[in-house]
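Visitor: According to this note's numbering, the residues represented by the first sequence are 8 to 143, in order.
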Amino acid sequence: MNYWLVKSEPEAYSWADFTRETSTDWTGVRNYQARNNLQAMQPGDLVLFYHSVSEKAVVGVAIVHAAAAPDATAEAGSPWVAVHLRPHEALARPVPLAALKAEARLSQLALLRQSRLSVTPVRPEEFDLVLELGAG
DNA sequence: GCCAACGTTGGC
DNA sequence: GCCAACGTTGGC
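#1: From this set, A99, N44, L119, V60, which residue's C-alpha is nearest N9's C-alpha?
#2: Taking just the CA atoms, how far does G67 sit from K14?
#3: Please list the terminal residues of the continuous alpha helix (DSSP H) segment that includes P131.
#4: How would you call A60, buried or exposed, if buried means at least 16 neighbouring beta carbons within 10 angstroms?
#5: Got a sec, what are the start and stop residues for the beta strand (DSSP E) E62 sits in?
#6: Assuming P50 and A74 are in contact, meaning their beta carbons sit under 8 Å apart, how far apart are those beta carbons, in whole angstroms?
#7: To which residues of the same chain is L52 closer than 8 Å at the C-beta, ignoring the five residues directly before and after it?
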């Protein structure tokens, strides 16, 4: 099992929107590196859900429900893919970007090293630590 | 609102 | 194939 992080601007699509829908196709990724990460996701993988821009915090955990398939919002024949995600659990306390940056053990976190990439891998120990930080 | 990072486009 | 110009993302 692998771990990931996806970013979303809460004004565009928030954790609340996600849980209201009960599942979603993670469409709209138009960056090759991010697409490669989407393609590597397998059902059961866990995905940190990060609110960018206005909130800048990890707010929940999603689970990959279906592996990558062509992105229905992209032109037919285009290389873009989407995975199907379902909410797994909300964090008791959102973990702000500042807290991620302040934690030395997260210094290699892909989110911090490549802040513009919208889908990034997360190491198992990093994932566990973020969950600890977000526990009640 | 500004700007750094970085991906893309297009002229040469 | 190089690189300048430009657009976008996202933190501050």
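For every residue, glycine included, the Cβ atom is placed at its ideal position computed from N, Cα and C.
Guide: Here's the rundown:
#1: In the first sequence, counting from the first residue as 1, residue 9 sits at position 2. Here the closest residue by C-alpha is N44.
#2: Reading the first sequence from its first residue, position 7 is the one you call residue 14. Reading the first sequence from its first residue, position 60 is the one you call residue 67. If I take the Cα positions, the gap works out to 11 Å.
#3: Position 124 of the first sequence, counting from 1, holds the residue named residue 131. Unbroken alpha helix (DSSP H) run through P131: 131-141.
#4: Residue mapping note: residue 60 aligns to position 53 of the first sequence, counting from 1. According to the sequence displayed, residue 60 carries Val and not Ala. Label assigned to V60: exposed.
#5: One-based indexing of the first sequence puts residue 62 at position 55. Per DSSP, E62 belongs to no beta strand (DSSP E) and is neither H nor E.
#6: Working through the first sequence from its first residue, we reach residue 50 at position 43. Working through the first sequence from its first residue, we reach residue 74 at position 67. Their Cβ separation, rounded to whole angstroms, is 6 Å, which keeps P50 and A74 in contact under 8 Å.
#7: Here residue 52 refers to the residue found at position 45 when the first sequence is read from its first residue. A quick correction: the sequence has Asp, not Leu, at residue 52. Here the set comprises M8, N9, Y10, W11, I70, V71.
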